[in-house]
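Taking it in order: structure first as structure tokens, then the write-up.
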């Protein structure tokens, strides 16, 4: 299966939102909000266009990854810039074929070239550790409410790039989605049946949920 990775173009936007909707529909809860999130991220200053990448097969979009700027608040007046990916989506028919991994590895390389120093995500540790992600607790980093757990992870893009950095992780407010706005946006797509989430326990409320 030959997969081409390339930047997302403006004309891809609706197709990517549809792809994301298909990938996440009924996975964590009835329906999904990730397609709305992708739509909104592109409109924020936190959006990183160079790391907005699609996977294409036979001219069909089958996967997508998107990144935003985030930070670790180290003191009341200082912060350390990080980046965060998510949602990462692969069409259900193409999942578990390495497309998600290809999108991640490709964008990690770009992020290094752009001199970003670290990535912070929420995700499945058994999957993301293969890319070098470690528990945020190893770095003394917590969520805004002081928590740290296995699914909260950090990747140093350069060895020692997080040395001496600890504090509170803060992602962009775009991830605080309004359910009413999600519903209104979803109404612009074809009707789909909503069912209880197929994944009984979703990822802790963070920006990096994936359907890969």
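Residue numbers (the working numbering): 418 to 629. Where a beta carbon is used, it is the ideal one built from N, C-alpha and C, also for glycine. Because the structure is a prediction, the values reported are computed rather than measured.
Note to self: For residue 571 and residue 537, what's the separation of their Cα atoms in angstroms?
What the structure shows: Looking up residue 571 in the chain shown gives position 154. Looking up residue 537 in the chain shown gives position 120. Computed Cα separation, rounded: 5 Å.
Notebook entry, point to check: Are the Cβ atoms of residue 568 and residue 540 separated by less than 9 Å?
Noted result: Residue mapping note: residue 568 aligns to position 151 of the chain shown, counting from 1. Residue mapping note: residue 540 aligns to position 123 of the chain shown, counting from 1. It is a contact, given that the beta carbons lie within the stated cut-off.
Note to self: On the CB-based measure, 16 or more other CB atoms within 10 Å of its CB, does residue 622 come out buried or exposed?
What the structure shows: Indexing the chain shown from 1 puts residue 622 at position 205. At residue 622, the pLDDT of 48 sits below 50, so the modelled position is not reliable; the number obtained from the coordinates is stated separately. Residue 622 is exposed by the Cβ-count criterion.
Next item on the list: Determine the DSSP secondary structure at residue 613, reduced to helix, strand or coil.
Entry: In the chain shown, the residue the question calls residue 613 occupies position 196. If DSSP states are grouped into helix, strand and coil, residue 613 belongs with coil.
Notebook entry, point to check: Starting from residue 573 and walking both ways along the beta strand (DSSP E), at which residues does that stretch end?
Noted result: Looking up residue 573 in the chain shown gives position 156. It spans 569-573 - the beta strand (DSSP E) in which residue 573 sits, taken as one unbroken run.
Next item on the list: Work out the CA separation of residue 529 and residue 619 for me, nearest whole Å.
Entry: Stepping through the chain shown from its first residue, residue 619 is reached at position 202. Stepping through the chain shown from its first residue, residue 529 is reached at position 112. Below a pLDDT of 50, predicted positions are generally treated as unreliable, and residue 619, at 44, falls in that range; the measurement from the model is reported next regardless. Cα to Cα, the separation comes out at about 30 Å.
Next item on the list: Sort 533, 588 and 612 by Cα distance to residue 576 and report the nearest one.
Entry: Here residue 576 corresponds to residue number 159 of the chain shown, with the count starting at 1. Here the closest residue by C-alpha is 533.
Check: How would you write the range of the alpha helix (DSSP H) that residue 517 sits in, first residue to last?
Finding: Start at 1 with the first residue of the chain shown, and residue 517 comes out as number 100. First-last of the alpha helix (DSSP H) with residue 517: 516-530.
Item checked: Three-state class that DSSP yields for residue 465 in the structure shown -> Here the question's residue 465 lines up with position 48 in the chain shown. Here residue 465 sits in coil by DSSP.
Margin query: So, at 7 Å on beta carbons, what are the nonlocal neighbours of residue 497 in its own chain, with the 5 sequence-adjacent residues on each side left out?
Written below: Position 80 of the chain shown holds residue 497. Only 488, 489, 491 and 582 meet the Cβ criterion.
Note to self: Helix, strand or coil for residue 478? Go by DSSP, reduced to three states.
What the structure shows: Numbered from its first residue, the chain shown carries residue 478 at position 61. Correct three-state label for residue 478: strand.
Check: Which one of 611, 502, 603 and 584 has the shortest CA to CA distance from residue 494?
Finding: As a working note, residue 494 is residue 77 in the chain shown. Nearest of 611, 502, 603 and 584 to residue 494, Cα basis: 584.
Note to self: Looking at the strands, I want to know which residues DSSP matches up with residue 488.
What the structure shows: Mapped onto the chain shown, residue 488 falls at position 71. BP columns for residue 488 point to 498 and 587.
Check: residue 535 lies in the beta strand (DSSP E); which residues open and close that run?
Finding: As a working note, residue 535 is residue 118 in the chain shown. Residue 535 -> beta strand (DSSP E) spans 535-539.
Next item on the list: In angstroms with no decimal places, state the Cα-to-Cα distance between residue 453 and residue 602.
Entry: Along the chain shown, one-based indexing puts residue 453 at 36. Along the chain shown, one-based indexing puts residue 602 at 185. Cα to Cα, residue 453 sits roughly 7 Å from residue 602.
Next item on the list: State buried or exposed for residue 524, treating a residue as buried only when at least 16 other CB atoms are found within 10 Å of its CB.
Entry: Residue 524 sits at position 107 when you count from the first residue of the chain shown. The residue is buried, with at least 16 neighbouring Cβ atoms inside 10 Å.
Check: For residue 437, which three-state DSSP category applies?
Finding: Translated into the one-based positions of the chain shown, residue 437 becomes position 20. Residue 437: helix per DSSP, three-state reduction.
Next item on the list: List the whole-angstrom C-beta distance separating residue 520 from residue 458, where the pair is believed to meet the contact cut-off of C-beta under 8 Å.
Entry: Position 103 of the chain shown, counting from 1, holds the residue named residue 520. Position 41 of the chain shown, counting from 1, holds the residue named residue 458. The pair is not a contact, with the Cβ atoms about 16 Å apart (cut-off 8 Å).
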